[in-house]
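Numbering (the numbering used here), first residue to last: 52 to 428. Even glycine gets a Cβ: it sits at the ideal position worked out from N, Cα and C.
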Amino acid sequence: MRVWRKAANALLMLNQHITITISFMLIIVFGTFWIVLEKQLEEHLFSNARNYGYGVAQYASQDLLQLINDNDSEGQTEYLIRLTNSPLVVSAFLYDAQGKLLAEYVENSDSPPDDNQLITLLQDIYTGTTRSGIIKITLNRKQQEAPVKKFMNGLAFLAVFMMVMASVAVYFIARLLVKPVNRLFSLPLEAPNKNQVETMDVAEELQTILEKSGRLNNAPAPLSDMESAGIHKLLAVESSAMQLELVIMTLHLHDFKSWVDSHTKPAVVKKLREIDQRVLVAVHGQSGIVVQFNGISATACFGMSEEDDNPDYKAFNCAHILMELLVEIGIDVSIHIYREQRIVLKHRHRSSVAMPMETFEDPQPNKNHKILLHDNV
């Protein structure tokens, strides 16, 4: 009879909060589903936009190559205007092989998109195996995501409606359980033997419970062959890791913070965009990857792929080009170039990432193993 009494008591306590509990569980389930769905959808749309942008750039590269060779600046601008007729393309820039701006066109709009809705892509223009120029295209993801967002909002409304209906149904079902549970609660309870209670060894009982539940065993449960094979297969398909010696280029803008403090926000934003544009053109033009840029300093990596030839030359060439580009807009800059062992993670759908092997203090700070470039070189 003790079992029935405990069951009745537990059901009555659950009846008091059952509606809130079930509603909370539904919120967790639908919320988790919504977050996962939105993340997967965002990655899918981002991948589609990137593929579209690269397709447009590759298609236009042959026509722009002819315009670059003919030195037709008017024709270059007209061609960029035709590219921006697409609802996704909002701006296009054309540079020569040294990063000099040849032509540009930015779509005029009364409501420009936010920066987090923009995707910037760079595509080299080749004559045979020689790079003759670079085209830079900026895409607006908002145009592609608008119909999808409308569908997602409708799905969210439907999910909320289903949660409300489920909560109402659970409330009425809980009310129907009150009477039968009360009958169980009214059943007599057989009291335990007094001698049994007095002689019970609590420590021994606890030890027995823990042994039966397996909690004394600290070893983790082994993975099955199927789980292990699935995990390794996922890692093998989605990403790979290797240790490479990369050429690292770090850039620092002298006294730029004081310049920022003394100018208005629109002027600062304009200047940062100019700097960012020149950093991207210089680094991507030498097959490098911009790892970090915070407005004061930037870091780029060269030699991320084992097939990259002569990354040292590319890093030095990038440094000289970048210094010339930044001097044009009055920016004083210093650049360090050095080699470092890093773990390179490559993913099928994302850009490669170079992680430091470890963080340590240089035991020989005076040793000349890093090269400093500045204005008087």
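Query	Result
His420 in three-state terms, based on DSSP	Here the model assigns His420 a pLDDT of 38, short of 50, so the residue's position is not dependable, and the following value carries that caveat. His420 falls in the coil class under three-state DSSP.
With 16 other Cβ atoms within 10 Å as the buried cut-off, status of Ala318	exposed
Boundaries (first-last residue) of the alpha helix (DSSP H) holding Glu375	362 to 379
Residues sharing a beta bridge with Asp147, DSSP	Gly184
C-alpha distance - Ser142 paired with Glu158, whole-angstrom precision	6 Å
Contact belief for Leu139 with Ser183 at Cβ below 8 Å, rounded distance in angstroms	Actually they do not touch by this definition, with Cβ atoms about 26 Å apart.
CA-to-CA distance, Asn136 to Leu377, given in whole angstroms	31 Å
Neighbour-count burial assignment, Asn361, 16 or more Cβ in a 10 Å radius	exposed
Contacts around Leu92, its chain only, beta-carbon distance under 7 Å, and the 5 residues preceding and following it disregarded	Val199
Backbone CA spacing between Ser385 and Gly106 [nearest angstrom]	36 Å
Cβ-Cβ distance between Gln168 and Lys193 below 7 Å	yes
Bridge partners - Phe353, DSSP secondary structure assignment	Val298
Opening and closing residue of the beta strand (DSSP E) in which Glu155 lies	152 to 157
Close beta carbons around Met214, own chain, < 8 Å, minus the five adjacent residues each side	Ser74, Leu77, Ile78, Phe81
Meets three-Cβ-pair contact criterion under 8 Å: the region 333 to 350 and the region 387 to 395	no
Cβ-Cβ distance between Gly150 and Val332 below 7 Å	yes
Run of the beta strand (DSSP E) containing Thr171, from where it starts to where it stops	169 to 178
Those residues which DSSP pairs with Asn191 across a bridge	Leu169
Where Tyr110 falls, given that 16 or more other Cβ within 10 Å makes a residue buried	exposed
Bounding residues of the beta strand (DSSP E) (the contiguous stretch that carries Ile132)	Where Ile132 is concerned, there is no enclosing beta strand (DSSP E), although the alpha helix (DSSP H) it sits in stretches over 124 to 134.
Neighbour-count burial assignment, Thr189, 16 or more Cβ in a 10 Å radius	buried
For Thr315 and Thr350, believed in contact at Cβ under 8 Å, the rounded distance	Incorrect: roughly 28 Å between the Cβ atoms, too far for contact.
Reference His371; option with closest CA among Thr128, Met203, Arg329	Arg329
Assigned secondary structure, Leu115 (DSSP; H/G/I helix, E/B strand, else coil)	helix
C-beta atoms of Phe353 and Val298 nearer than 7 Å	yes
Short Cβ contact (7 Å threshold) for Leu145 with Leu153	yes
Residue range of the beta strand (DSSP E) that includes Gln337	That residue, Gln337, is in no beta strand (DSSP E); it is neither H nor E in DSSP.
Cβ shell of Ser155 (< 8 Å), same chain only, five flanking positions each side left out	Residue 155 is actually Glu in this sequence, not Ser. Thr128, Leu131, Ser142, Ala143, Phe144, Leu145.
Spatially closest choice to Arg101 from Ser160, Pro164, Ile170, Leu118, by CA coordinates	Ile170
Identity of the residues DSSP links to Leu304 by a beta bridge	Val384
Identity of the residues DSSP links to Gln392 by a beta bridge	Glu296
Glu137 in three-state terms, based on DSSP	The sequence shown places Ser at residue 137, rather than the Glu named in the question. Note: Ser137 maps to coil in three-state DSSP.
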